[in-house]
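Asks: I have a structure here, written as structure tokens, and I will follow up with some questions on it.
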Amino acid sequence: MRILDQLYEGKAKKVFATDDPQLLVVRYKDDATAFNGLKKGTISGKGIINNQMSNFFMERLEAEGIQTHFVKELDKRETLVKKVSIVPLEVIVRNIAAGSFSKRYGVEEGLEFEQPTIEFSYKNDALGDPLINEYHAVALSLATRKEIEQIKRYAFEINDFLKKFWKECGITLVDFKLEFGRLENGAIVLADEISPDTSRLWDSKTHEKLDKDRFRRDLGGVEEAYDEVMKRMMRHE
Ligand code: ADP
Ligand code: UDP
């Protein structure tokens, strides 16, 4: 396998073509952004952690019967993935109120839901990733009804798996964002990443934030928090 041209540079990753048209290479950067790119910075070592953590979870999820884009870790920052056509929806699962949910509905961060919730944002930077409902997503042909049902099934299964895993590490999974894509045969697979950039992770005892909120909110100790969750994940195995 040969790595060819860079196809895309995003805020956190670069995507390269390979000599196999069905495969891509993703390279994770240390760049951090928040508030739709308004806040910029670097989290040293983040690319390595996000790459390794995403791959660790994708492999585990595959074993649970959830199809993912993961093929092979190439090095600390680079992974070979199946090329998918990304469904332009950010799929957000929440167990506890935080962030935009708390702000929108005027509820304090930390309110625990009886059942997990799900919501979708339209992945469109120019529009600021607006909240979208399932009917609007179908009306805009972003996904079919059937695809959305599959995405919801997967998203809640992934939540069950991650919630249990993190709990065993002494971490509460508050919320997280997923992206899904379509393979050529039409199958829906989990794509993108699962990391402290895309999840809210709180220490179960102290409720200390161990995720990107430390960067968003200038709380300090950002690198230390990423290292800590990685350490606990590896210790769990
Ligand atoms: P952003 O585009 O939000 O700045 P990133 O820096 O993470 O995000 O860039 C990675 C891009 O690659 C995202 O647009 C994501 O949707 C896309 N992507 C992730 N996995 C795949 C895949 N398997 N095939 C094609 N595109 C993917
Ligand atoms: N999230 C993400 N990318 C986004 C928006 C949100 O990964 O573009 C993640 C975020 O890290 C959090 C969850 O999705 O774990 C819910 O985020 P929320 O809607 O509360 O938005 P925020 O407060 O980050 O603006």
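When we follow this note's numbering, the leftmost residue of the sequence shown carries the number 27, and every step to the right adds one. Even for Gly, the Cβ is constructed at its ideal location relative to N, Cα and C. Since the model is a prediction, treat every value here as computed from it, not as a measurement.
Just checking Thr198 against the ligand UDP - is the residue's beta carbon closer than 7 Å to any of the ligand's heavy atoms?
Replies: Residue numbering aside, residue 198 sits at position 172 when the sequence shown is read from its first letter. Checking every heavy atom of the ligand UDP against the Cβ of Thr198, none is found closer than 7 Å.
Asks: Is any non-hydrogen atom of the ligand UDP found closer than 7 Å to the C-beta of Arg226, if you look at the structure I gave you?
Replies: Numbered from its first residue, the sequence shown carries residue 226 at position 200. The answer is yes for Arg226.
Asks: When the Cα atoms are used, what is the spatial distance from Thr44 to Val255?
Replies: Looking up residue 44 in the sequence shown gives position 18. Looking up residue 255 in the sequence shown gives position 229. Rounded to whole angstroms, Thr44 to Val255 spans 32 Å at the Cα level.
Asks: Using 8 Å as the threshold, is the C-beta distance between Ala58 and Lys72 below it?
Replies: As a first step, residue 58 must be located in the sequence shown, where it is residue number 32. As a first step, residue 72 must be located in the sequence shown, where it is residue number 46. Yes, they are a contact pair.
Asks: Which residue spans inside the stretch 63–139 form an unbroken alpha helix (DSSP H) run of at least 4?
Replies: For the stretch 63–139, whole alpha helix (DSSP H) runs of length 4 or above, ordered along the chain, are 72–89 and 125–131.
Asks: Mind checking whether the beta-carbon of Phe202 lies closer than 7 Å to any heavy atom of the ligand UDP?
Replies: Within the sequence shown, numbered from 1, the residue matching residue 202 stands at position 176. Yes, Cβ of Phe202 sits closer than 7 Å to a heavy atom of the ligand UDP.
Asks: Is the distance from the Cβ of Leu50 to the Cβ of Val107 below 8 Å?
Replies: Here residue 50 corresponds to residue number 24 of the sequence shown, with the count starting at 1. Here residue 107 corresponds to residue number 81 of the sequence shown, with the count starting at 1. Yes.
Asks: When the distance is taken between beta carbons, is Asp223 closer than 8 Å to Val119?
Replies: In the sequence shown, the residue the question calls residue 119 occupies position 93. In the sequence shown, the residue the question calls residue 223 occupies position 197. Contact: no.
Asks: Can you tell me whether DSSP reads Leu236 as helix, strand or coil?
Replies: Here the question's residue 236 lines up with position 210 in the sequence shown. The answer is coil: DSSP assigns Leu236 none of H, G, I, E or B.
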